[in-house]
Amino acid sequence: MAARKTTGKSNVSADELLKYYKDMLLIRRFEEKAGQLYGMGLIGGFCHLYIGQEAVVVGLEAAAKDGDKRITSYRDHGHMLACGMDPKGVMAELTGREGGYSKGKGGSMHMFSKEKHFYGGHGIVGAQVPLGTGLGFADKYKGNDNVTFVYFGDGAANQGQVYESYNMAELWNLPVVYVIENNQYAMGTSTKRSTKSPNLWERGAAYGIKGEAVDGMDVMAVKAAGEKAIAACRAGDGPYILEVMTYRYRGHSMSDPAKYRTREEVQKMREERDPIERVREMLTTGGLATDEDLKAIDKEIKAVVNDSAEFAKDSPEPSLDELWTDIYAAPQEADA
Amino acid sequence: MATEILMPALSPTMEEGTLAKWLVKEGDEITSGMIIAEIETDKATMEFEAVDEGTMGKILIDEGTEGVKVNTPIAVLLEEGESADDIKASAPASDAKADEKAEEPAKSDSDVAADKPVAAQPAAELPSVPEPDWPEGTEMKSMTVREALREAMAEEMRRNDTVFLMGEEVGEYQGAYKISQGLLDEFGAKRVIDTPITEAGFTGLAVGAAWGGLNPIVEFMTFNFAMQAIDHLINSAAKTNYMSGGQLPCPIVFRGPNGAAARVAAQHSQDYAAWYSHIPGLKVVMPYSAADAKGLLKSAIRDGNPVVFLENEILYGRTFEVPDMDDFTVPIGKARIARQGKDVTIVSFGIGMTYALEAAEKLAADGIDAEVIDLRTIRPMDTATIISSVKKTNRLVTVEEGFPQSSVGNFISATVMMEAFDYLDAPVINLCGKDVPMPYAANLEKLALITTDEVIEAVHKVTYR
Ligand SMILES: Cc1ncc(C[n+]2csc(CCOP(=O)(O)OP(=O)(O)O)c2C)c(N)n1
Ligand SMILES: [Mg+2]
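Quick mapping for you: the protein sequence lines, in order, are chains A and B. The first sequence lines up with residues 48 to 383 when you count with this note's numbering. The second sequence lines up with residues 2 to 466 when you count with this note's numbering.
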């Protein structure tokens, strides 16, 4: 990986590290459970798991403040959990139930929370990039200091609308952090087979946008890079590009046989680079937590995830008249 | 407590699969994330990972077993301190269940290779077709729609070396829906081209390549993603022959799955038949059977005009009879009378034919004799076949999956009203998908899609019985 190492090992407190550990573990256990429910037929359609990439969203959320916005692709469960959405509501959307964030109408790929400033959940590769740029445009227009995180994949980075967005964002100095989650594959296509310009963050330079590559398996490095990017945006010096080097352990979606990479490649990543193991080790070797402490956390997380699964199974299917609601919004009222 | 490992669903459309191989044996230590078995779905062989930890206590379904239904217990995992003997005592129910299920494959083996139970297998059992697409007495072979499409492309690529295939995951991955399986091996990377995810770019590029003398086949992973490129389909491919006074024809095929699959929600479930049928300069084809898929795709590749070729993921795995001929083609622009009848005309196309034919079978039992027309080509439309049928039956129902407003059925109604008004004994009914974005929830999705019962009800209405 060509990532630059920005390690923030130094002054991190036990509480902070424990929080990242918990947040990442929640995503991992949640995704494992989602995979299991898919296997049982409780989740249908496409389901894209985030396992392996947990440090990306947890690191960036650690750098965000209230009011900041985020938008991403269909691989969105981790983003929702990291920005504080309720695991029950997310899991119930996966099972297509009334208790889900979209009342069961959106499913895994299309979920939103206005309250948590999470703007989806988009099924069309690359579409979220101009949409997120527009969220940044609205904040600048209103004159607040919010920043928008626009997440997209290495595959999406080849869509033309990404570069149309870059051009406008820099032209108008929009407060947008573009986060390229480079997990090295777009379905079965490795980055080597889709582009000859290997450093995706460098493409921003053509538009005058600053950026850098970050080790996405190191939550502290992600957080540090996020802080820098956000500071630039809040100072009116946006946009900014972060290419976060990461890896997905599972197939592209549940139905991907993943024949395009070796079992050994995945195994090596898991054993040597796992973002959760890395923090676990920092906690234990640094004497910041005991095995007992960590066991208690594991148990606590397991309980949260199991509760979300129970909720998602028990929540009723949406009522049949929901088919005909929400097609149009109520007429917009003038702001009082 | 012992944990049952259940047969997983590994794709949106999977209902059963083959337990191809066990990678662990009884007594092995299992950790979560470990790959324990290989399972074959209709599309691929998948690795199956363990979620829970423990010792493999008992394998309930032997490797090689076909037709294992999703959620059947396939093995039992023991926790520390338990032994395989405990299972029999503690979980006899699951053993019994497994045995029961294990008998099922025999049943499903006998009803040949159909992926999903299809009530009517019309193509094979139809009465005489007025103008047959192949000579009487031609040898037939059973083939899935997926195989038929693959054969059509391979035959045309052998025949003409300016034909090439381009799209996302068509080469090394063998196609997201395995339509192009094996083509990279046969034709090489020059002619089977994996693109980056950049639909607007590669579609425009392919149109340019067609002007430059090539015959591109552009595969959209699904037609939902062609929306990224729709400008090139319409503004570049469809109009330039006209704008250039006939100098720049565009021989190109745009193909891929169209319409709803299963539980993939609003952005991934849309029928574009009506959309593209609006555009002069485009031809629009939407086959139902494997024979039509093959014969029409070959014609589309040779056509010399931009052809939008709309396939369907749910139909890919269905088996039909296809004539075993050297060079079998079906002409674009010609409907097929799939079932002859005298009481009512039902016009449909693509997956809509499933409901139309099923309804016709059930109506026959009620003494209503329906004529079913498979449009096959949406543009240019064979309205003559529809009109002559309506002149005979005096009643018409159209069936399609797309949205109601400005549907294909609307155009058919208008045409029939203008050309055969005096022959109509009842207002025409246009059956469509519901006028809502496709919901994800299973119960709502079912409601949003058209059903056989709706077709039957509409026929009762137009026949007043
Ligand atoms: C416009 C469009 N084209 C194709 C697809 C099908 N598709 C879904 S995900 C995907 C791969 C995207 O890879 P990447 O951007 O690297 O994201 P990742 O899945 O790795 O998170 C493709 C081709 C789509 N959903 N939308
Ligand atoms: Mg990727």
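C-beta atoms are modelled at their ideal positions from N, C-alpha and C, and glycine is treated no differently. Owing to the predicted nature of the structure, the values given are computational and were not obtained by experimental measurement.
Q | Start and end residues, beta strand (DSSP E) containing P258 (chain B) | A | 253-258
Q) What did DSSP end up calling A38 (chain B) once you bin it into helix, strand or coil? A) strand
Q: Measure the Cβ-Cβ separation of I256 (chain A) and Y287 (chain A) and say whether it is below 9 Å.
A: yes
Q.
Would G58 (chain B) and S84 (chain B) qualify as a contact pair, given that the criterion is a beta-carbon distance under 9 Å?
A. yes
(Q) For Y260 (chain A), report the span of its beta strand (DSSP E) as first-last. (A) Correcting the residue identity first, residue 260 (chain A) is Ala in this sequence and not Tyr. From DSSP, the beta strand (DSSP E) with A260 (chain A) extends over 257-262.
Q) Do G285 (chain A) and V223 (chain A) have their C-beta atoms closer together than 9 Å? A) yes
Q. Is the beta carbon of I288 (chain A) within less than 8 Å of some heavy atom of ligand 1?
A. no
**Q.** Distance CB(M47 (chain B))-CB(I40 (chain B)) smaller than 9 Å
**A.** yes
**Q.** Contacts of Q268 (chain B) in chain A (Cβ-Cβ under 8 Å)
**A.** M156, H157, H169, G170, I171
Q. Can R295 (chain A) be considered in contact with ligand 1, in the sense that its beta carbon sits closer than 8 Å to one or more heavy atoms?
A. yes
Q: Would you tell me roughly how many angstroms separate the C-alpha atoms of R256 (chain B) and L297 (chain B), rounded to the nearest one?
A: 12 Å
Q) Closer than 6 Å from C-beta to any heavy atom of ligand 2: which residues, in chain order? A) A:G200, A:D201, A:G202, A:N230, A:Y232, A:A233
Q: Give a yes or no on whether the minimum CB-CB distance between G106 (chain A) and chain B is below 9 Å.
A: no
Q: Take V59 (chain A) as the anchor and find which of A:N246, A:A268, A:Q83 has the nearest alpha-carbon.
A: A:A268
Q. Are the CB atoms of P365 (chain A) and G151 (chain A) nearer to each other than 9 Å?
A. yes
Q) Any heavy atom of ligand 1 closer than 8 Å to the Cβ of Y121 (chain A)? A) yes
Q) Rounded to the nearest angstrom, how far is the Cβ of K342 (chain A) from that of R76 (chain A), given a contact under 8 Å? A) Going by Cβ atoms, the distance from K342 (chain A) to R76 (chain A) rounds to 14 Å, so no, they are not a contact pair.
(Q) Taking 7 Å as the limit between beta carbons, can you name the residues of its chain near N205 (chain A), skipping five residues before and five after? (A) S241, T242
Q.
Nearest by alpha-carbon distance to A279 (chain A): which of A:E78, A:G258, A:D262 is it?
A. A:G258
Q. Near K187 (chain A), which residues of its chain fall below 8 Å by C-beta distance, leaving aside the five closest residues on each side in sequence?
A. W219, N220, L221, P222
Q) First and last residue of the alpha helix (DSSP H) that includes K360 (chain A)? A) 338-361
Q | C-alpha gap between G173 (chain A) and A260 (chain A), whole angstroms | A | 20 Å
Q: Count the CB pairs spanning the stretch 338-352 of chain B and the stretch 373-381 of chain B that are closer than 8 Å, and state whether there are at least three.
A: yes
Q) Straight-line CA distance for T331 (chain A) to L150 (chain B)? A) 58 Å
(Q) Measuring straight from C-alpha to C-alpha, what distance separates K270 (chain A) and A233 (chain A)? (A) 25 Å
Q.
On the criterion of 16 or more Cβ atoms from any shown chain inside 10 Å, does L182 (chain A) qualify as buried, or is it exposed?
A. buried
**Q.** Of the listed residues B:L450, B:A51, B:A427, nearest to Y465 (chain B) (C-alpha basis)
**A.** B:A427
Q) Where T346 (chain B) and V398 (chain B) are concerned, what is the direct C-alpha to C-alpha distance, given to the nearest angstrom? A) 6 Å
Q. Hey, would you say G146 (chain A) sits closer than 9 Å to G154 (chain A), going by beta carbons?
A. no
**Q.** V197 (chain A) CB to nearest heavy atom of ligand 1 below 8 Å
**A.** no
Q) Identify the residues that DSSP records as bridge partners of Y225 (chain A): which are they? A) A:V197, A:I288
(Q) I'd like to check one pair, T394 (chain B) with D344 (chain B): are the Cβ atoms closer than 9 Å? (A) yes
Q) How many Å lie between E101 (chain B) and W23 (chain B) at the Cα? A) Here E101 (chain B) scores only 42 on pLDDT, less than 50, and its place in the model should not be relied on; the value that follows carries that caveat. For E101 (chain B) and W23 (chain B), the distance between alpha carbons rounds to 20 Å.
(Q) Need the endpoints of the beta strand (DSSP E) that A339 (chain B) sits in, please. (A) 337-340
Q. According to the neighbour-count rule (16 or more other Cβ atoms, all chains shown, within 10 Å of its Cβ), is K44 (chain B) buried or exposed?
A. buried
Q: Pull up the CB-CB distance for I253 (chain B) and V208 (chain B), whole angstroms please, since I reckon it's below 8 Å.
A: 6 Å
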